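Trainee: In the UniProt record's numbering, the protein residues as written are 1 to 330.
One structure, pasted below without further comment.
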């Protein structure tokens, strides 16, 4: 499926990955509707930062995936749906687990049901590598068991299984993309890379972090966005769960050293107990097997970790107004 000229809906379009996906869809000629979280300030998230020419080409609708009547109105008339809307912060899921069920499980069900009612031609549902929990073997392929090590990951497992059920029960044309750790411009300081960079740029010599030993598979946001596009375009992805990762792992401690070296700063790391997950909830190792997405779509990452970090550092340096380095961003 060529997305050029197609009517495409993106839920969660005001967020980090969603906003980059919007720009890419406009670039390839899609007719894009963006669902943003309703708020009384009429704030469109990162879409508010777009150039006017890009912003004017997007049909922006404020709503809530938890409300089925809203989702029905938004989905109607679209041929392709990228479903990214979700609560994603793991620490907050410990405080408000039910909010994650309502948004991630019930919200996903609303989107899928509306897509079924209006005969949407392709749905790309967004999962997360957190559904795997700590690796039982590496690299992690799509057959790896899923483990609910946090209320967040449990809610995403539920959402993934709902998507699977709609494919198997109703033949809904849904594919599930499972990104590993995406980073880049516009990511909030709740994530490790922007929190380290922003603290260093704020001339802090002691960087407050959580556990340094876990490993992650990091992917630059433009690579992740291209994976979304490829998964949507390919007929071979229907009914499939597909990892998006670099097939490379690095520990948090090694990552912090790499960032400080690129930035030319000597830092000390301070363990902040507030940033530690409960012991059994910490995901100790993530490393993606990306052979399936390569086989089905031809996708492969184009940005090295060093290149992606350099782009991210430059963006954060020019946008420090978005970062509050004196508080822990949950």
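Even glycine gets a Cβ: it sits at the ideal position worked out from N, Cα and C.
Since the structure is predicted, the reported quantities are computational estimates derived from the model, not experimental observations.
Taking DSSP as the reference, what is the three-state secondary structure of residue 149?
Mentor: coil
Trainee: Which residue or residues does DSSP assign as beta-bridge partners of residue 251?
Mentor: 215
Trainee: Whether or not the stretch 238-257 and the stretch 288-307 are in contact is what I'm after, with contact meaning three or more pairs of Cβ atoms, one per stretch, closer than 8 Å; do they touch?
Mentor: yes
Trainee: In or out: residue 73 buried (at least 16 other Cβ within 10 Å) or exposed?
Mentor: It is exposed - the Cβ of residue 73 has fewer than 16 other Cβ atoms within 10 Å.
Trainee: Taking residue 112 and residue 162 to be in contact with their CB atoms under 8 Å, please state how far apart those CB atoms are, rounded to whole angstroms.
Mentor: 6 Å
Trainee: Rounded to whole angstroms, what is the Cα-Cα separation between residue 154 and residue 145?
Mentor: 13 Å
Trainee: Just checking residue 229 against the ligand ZN - is the residue's beta carbon closer than 6 Å to any of the ligand's heavy atoms?
Mentor: With respect to the ligand ZN, the structure shown offers nothing to examine, as it has no ligands at all.
Trainee: Should the stretch 203-213 be called in touch with the stretch 102-121, which here means at least 3 C-beta pairs below 8 Å?
Mentor: no
Trainee: Using a threshold of 7 Å, state whether the C-beta atoms of residue 198 and residue 325 are closer than that.
Mentor: yes
Trainee: Could you say which of 210, 156, 300 lies nearest to residue 279 if we only look at CA atoms?
Mentor: 210
Trainee: My parser needs the beta strand (DSSP E) runs of 3 or more residues fully inside the stretch 141-190; what are they?
Mentor: Counting only runs of 3 or more, we get 174-179, 181-183.
Trainee: Using beta-carbon positions only, say whether residue 286 and residue 252 come within less than 7 Å of one another.
Mentor: no
Trainee: Exposed or buried, residue 219, counting other C-beta atoms within 10 Å across all chains shown (16 or more means buried)?
Mentor: buried
Trainee: What do you reckon, are the CB atoms on residue 196 and residue 259 nearer than 7 Å?
Mentor: yes
Trainee: Going by the DSSP bridge assignment, what does residue 208 pair with across the sheet?
Mentor: 270
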